[in-house]
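One structure below.
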Amino acid sequence: MLKLKPTPDNLKKVRQQLAQFSCLAVPPNLTHDQKRSLVDALLWFSHLADYETLGICTETLAAAKAATEAYVHKLAQPVNLDLPPRDGSVYLKFNTLKGAWYLDDYSGPNRGVLVSFHASEPEYDLVNGTYGPFPLDLFD
(Lines of atoms letter the chains of each structure in order from A and count residues from 1; the text may use other names and numbers.)
(Lines give C-alpha, C1' and ligand atoms only; values in the text may rest on other atoms or scores of the structure.)
Protein backbone atom coordinates (compact mmCIF):
# COMPACT_ATOMS: atom_id res chain seq x y z
CA MET A 1 0.00 0.00 0.00
CA LEU A 2 1.13 3.53 -0.65
CA LYS A 3 2.52 5.41 2.30
CA LEU A 4 1.08 8.80 1.40
CA LYS A 5 -0.64 11.40 3.49
CA PRO A 6 -4.22 11.85 2.26
CA THR A 7 -3.67 15.40 1.06
CA PRO A 8 -5.79 16.77 -1.79
CA ASP A 9 -2.78 16.62 -4.14
CA ASN A 10 -2.03 12.98 -3.31
CA LEU A 11 -5.70 12.03 -3.61
CA LYS A 12 -5.85 13.70 -7.03
CA LYS A 13 -2.70 11.90 -8.23
CA VAL A 14 -3.98 8.47 -7.22
CA ARG A 15 -7.44 9.24 -8.62
CA GLN A 16 -5.82 10.16 -11.96
CA GLN A 17 -3.80 6.94 -11.91
CA LEU A 18 -6.94 4.87 -11.40
CA ALA A 19 -9.09 6.93 -13.77
CA GLN A 20 -6.79 6.20 -16.73
CA PHE A 21 -8.63 2.87 -17.08
CA SER A 22 -12.05 4.50 -17.41
CA CYS A 23 -13.96 4.04 -20.64
CA LEU A 24 -11.98 0.93 -21.63
CA ALA A 25 -13.99 -2.13 -22.65
CA VAL A 26 -11.29 -4.51 -21.45
CA PRO A 27 -8.33 -3.99 -19.13
CA PRO A 28 -4.94 -3.50 -20.78
CA ASN A 29 -2.07 -5.94 -20.40
CA LEU A 30 0.11 -4.65 -17.60
CA THR A 31 3.71 -5.24 -16.65
CA HIS A 32 4.55 -6.56 -13.19
CA ASP A 33 5.56 -3.05 -12.07
CA GLN A 34 2.35 -1.53 -13.44
CA LYS A 35 0.29 -4.16 -11.60
CA ARG A 36 2.17 -3.50 -8.36
CA SER A 37 1.57 0.25 -8.69
CA LEU A 38 -2.11 -0.32 -9.42
CA VAL A 39 -2.50 -2.68 -6.45
CA ASP A 40 -0.85 -0.11 -4.17
CA ALA A 41 -3.23 2.61 -5.39
CA LEU A 42 -6.31 0.40 -4.95
CA LEU A 43 -5.23 -0.66 -1.46
CA TRP A 44 -4.62 2.96 -0.42
CA PHE A 45 -8.04 4.10 -1.63
CA SER A 46 -9.58 1.05 0.04
CA HIS A 47 -7.92 2.05 3.32
CA LEU A 48 -9.48 5.53 3.05
CA ALA A 49 -12.92 4.32 1.94
CA ASP A 50 -15.68 2.94 4.12
CA TYR A 51 -16.38 0.11 1.67
CA GLU A 52 -16.25 -0.95 -1.97
CA THR A 53 -18.62 -2.27 -4.57
CA LEU A 54 -17.15 -4.54 -7.25
CA GLY A 55 -18.59 -5.20 -10.68
CA ILE A 56 -17.07 -8.14 -12.56
CA CYS A 57 -17.80 -9.03 -16.19
CA THR A 58 -16.31 -12.31 -17.37
CA GLU A 59 -16.73 -15.19 -19.78
CA THR A 60 -17.46 -17.71 -17.02
CA LEU A 61 -18.89 -17.92 -13.54
CA ALA A 62 -15.67 -19.56 -12.32
CA ALA A 63 -13.59 -16.57 -13.48
CA ALA A 64 -16.03 -14.12 -11.86
CA LYS A 65 -15.96 -16.04 -8.58
CA ALA A 66 -12.16 -16.25 -8.53
CA ALA A 67 -11.71 -12.55 -9.32
CA THR A 68 -14.30 -11.47 -6.75
CA GLU A 69 -12.78 -13.59 -4.00
CA ALA A 70 -9.27 -12.33 -4.80
CA TYR A 71 -10.26 -8.64 -4.87
CA VAL A 72 -12.43 -8.86 -1.75
CA HIS A 73 -9.70 -10.77 0.11
CA LYS A 74 -7.23 -7.95 -0.54
CA LEU A 75 -9.60 -4.96 -0.21
CA ALA A 76 -11.76 -6.08 2.70
CA GLN A 77 -11.76 -9.59 4.15
CA PRO A 78 -11.60 -13.17 2.92
CA VAL A 79 -14.85 -14.40 1.41
CA ASN A 80 -15.97 -17.70 -0.05
CA LEU A 81 -18.87 -17.21 -2.44
CA ASP A 82 -21.48 -19.91 -2.82
CA LEU A 83 -22.99 -19.06 -6.21
CA PRO A 84 -25.63 -20.95 -8.16
CA PRO A 85 -24.46 -22.62 -11.39
CA ARG A 86 -24.68 -20.53 -14.54
CA ASP A 87 -23.40 -21.03 -18.08
CA GLY A 88 -21.94 -18.34 -20.32
CA SER A 89 -20.73 -14.82 -19.64
CA VAL A 90 -21.75 -13.28 -16.33
CA TYR A 91 -21.95 -10.03 -14.41
CA LEU A 92 -21.25 -10.37 -10.68
CA LYS A 93 -21.66 -7.45 -8.30
CA PHE A 94 -20.35 -7.58 -4.74
CA ASN A 95 -20.74 -5.12 -1.84
CA THR A 96 -17.94 -5.39 0.73
CA LEU A 97 -19.97 -3.61 3.43
CA LYS A 98 -22.90 -6.01 3.36
CA GLY A 99 -21.19 -9.07 1.92
CA ALA A 100 -24.06 -9.15 -0.56
CA TRP A 101 -23.83 -10.19 -4.20
CA TYR A 102 -25.91 -10.05 -7.37
CA LEU A 103 -25.37 -12.39 -10.33
CA ASP A 104 -26.79 -12.16 -13.85
CA ASP A 105 -26.11 -13.16 -17.44
CA TYR A 106 -24.03 -10.67 -19.40
CA SER A 107 -23.92 -10.32 -23.17
CA GLY A 108 -21.95 -7.08 -23.48
CA PRO A 109 -18.39 -6.65 -24.74
CA ASN A 110 -16.86 -5.36 -21.49
CA ARG A 111 -14.60 -7.54 -19.38
CA GLY A 112 -12.69 -7.00 -16.17
CA VAL A 113 -13.30 -5.61 -12.69
CA LEU A 114 -14.80 -2.24 -11.81
CA VAL A 115 -14.16 -0.97 -8.29
CA SER A 116 -16.36 1.69 -6.71
CA PHE A 117 -15.05 3.28 -3.53
CA HIS A 118 -17.46 4.78 -1.00
CA ALA A 119 -15.99 7.22 1.54
CA SER A 120 -18.17 9.24 3.91
CA GLU A 121 -15.49 11.54 5.27
CA PRO A 122 -15.61 14.90 3.43
CA GLU A 123 -11.81 15.13 3.27
CA TYR A 124 -11.75 11.86 1.32
CA ASP A 125 -14.40 12.85 -1.22
CA LEU A 126 -11.90 12.43 -4.09
CA VAL A 127 -11.74 8.72 -3.26
CA ASN A 128 -15.41 8.28 -4.23
CA GLY A 129 -15.90 6.97 -7.73
CA THR A 130 -15.84 3.97 -9.99
CA TYR A 131 -12.53 2.91 -11.51
CA GLY A 132 -11.55 0.28 -14.04
CA PRO A 133 -11.85 -2.12 -15.70
CA PHE A 134 -8.91 -3.78 -14.04
CA PRO A 135 -7.47 -7.21 -14.84
CA LEU A 136 -9.28 -10.20 -13.35
CA ASP A 137 -5.95 -11.61 -12.13
CA LEU A 138 -4.57 -8.38 -10.67
CA PHE A 139 -4.10 -9.91 -7.20
CA ASP A 140 -2.66 -13.25 -8.36
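Read left to right, the sequence shown gives residues 0 to 139 (numbering that gives the first Met the number 0). Virtual Cβ for every residue (Gly too), placed ideally from N, Cα, C.
At the C-beta level, E68 and F116 stay beyond 7 Å of one another. Between W100 and P121, the alpha-carbon positions lie close to 27 Å from each other.
Going by beta carbons, Y123 and L74 fall outside the 7 Å limit.
In terms of CA proximity to S36, R14 leads the group C22, T57, R14 and I55. If you check the CB distance, G111 and G87 do not come in under 7 Å. In the three-state DSSP reduction, F133 falls in the strand class (E or B). The criterion of a C-beta distance shorter than 7 Å is not satisfied by T95 and V126. Minimum Cα-Cα distance from D104 among the listed residues E58, S21, V89 and L80 corresponds to V89.
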